[in-house]
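Data first, discussion second: the structure below is written as structure tokens.
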Amino acid sequence: MRLVQVAQRAEDLDRAADFYTVLLEAGPVARFDDPGLVFFDLDGVRLVLDRNAPSALVYLHVDNVHEAIERLQGVAEVVTRPHVIFTHDGDVLGPARHEEWHAFVRDTEGNLVGLVAFQRV
Numbered sequence: 763m764r765l766v767q768v769a770q771r772a773e774d775l776d777r778a779a780d781f782y783t784v785l786l787e788a789g790p791v792a793r794f795d796d797p798g799l800v801f802f803d804l805d806g807v808r809l810v811l812d813r814n815a816p817s818a819l820v821y822l823h824v825d826n827v828h829e830a831i832e833r834l835q836g837v838a839e840v841v842t843r844p845h846v847i848f849t850h851d852g853d854v855l856g857p858a859r860h861e862e863w864h865a866f867v868r869d870t871e872g873n874l875v876g877l878v879a880f881q882r883v
């Protein structure tokens with residue numbers, strides 16, 4: 763079994779699509795104005811911005827949390843600045859001998875989004 767799709771609430775599809783285009787550094791792959799859906803491809807998993815979906819807390823992998831926060835300046839509210847939450851000794855939850863960095867932003871629709879990066883120690 764694998765994850766196929768995650769839905770995120772978006773009241774204003776244009777505004778939300780612009781935000782996720784900046785964050786993901788890639789544009790939407792499909793849009794259906796009626797019923798109000800915008801799709802992004804996250805390496806084979808669909809992120810759908812949906813007018814009727816509830817808010818979800820989505821964690822997205824980024825190459826560098828600090829660079830992602832810089833890219834989002836003026837576009838998103840930074841809720842929690844980048845910080846290390848864990849150092850992986852083994853590879854059960856992440857790559858061994860890497861620090862796991864997190865930051866949290868609020869997207870244009872008010873949803874909390876976690877940004878996660880792994881940095882070799």
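Anchor point for the sequence shown: position 121 equals 883 in my numbering, and the numbering is continuous, going up by one each time. The C-beta atom is built at its ideal place from N, Cα and C for all residues, glycine as well. Here the structure is a predicted model, which means the values were calculated and not measured.
Close Cβ partners of residue i (< 6 Å) along its chain, the five nearest in sequence each way excluded
i, result
"residue 828", "844"
"residue 809", "768 and 802"
Coil, strand or helix - residue i by DSSP
i, result
"residue 862", "strand"
"residue 774", "coil"
"residue 829", "helix"
"residue 874", "strand"
"residue 838", "coil"
"residue 846", "strand"
Those residues which DSSP pairs with residue i across a bridge
i, result
"residue 767", "808"
"residue 882", "860"
Residues near residue i in its chain [Cβ-Cβ closer than 8 Å; skip 5 each side]
i, result
"residue 822", "785, 786, 804, 875, 876, 877 and 878"
Proximal residues to residue i (C-beta, below 7 Å), its chain only, five neighbours per side dropped
i, result
"residue 858", "850, 851 and 852"
"residue 833", "784"
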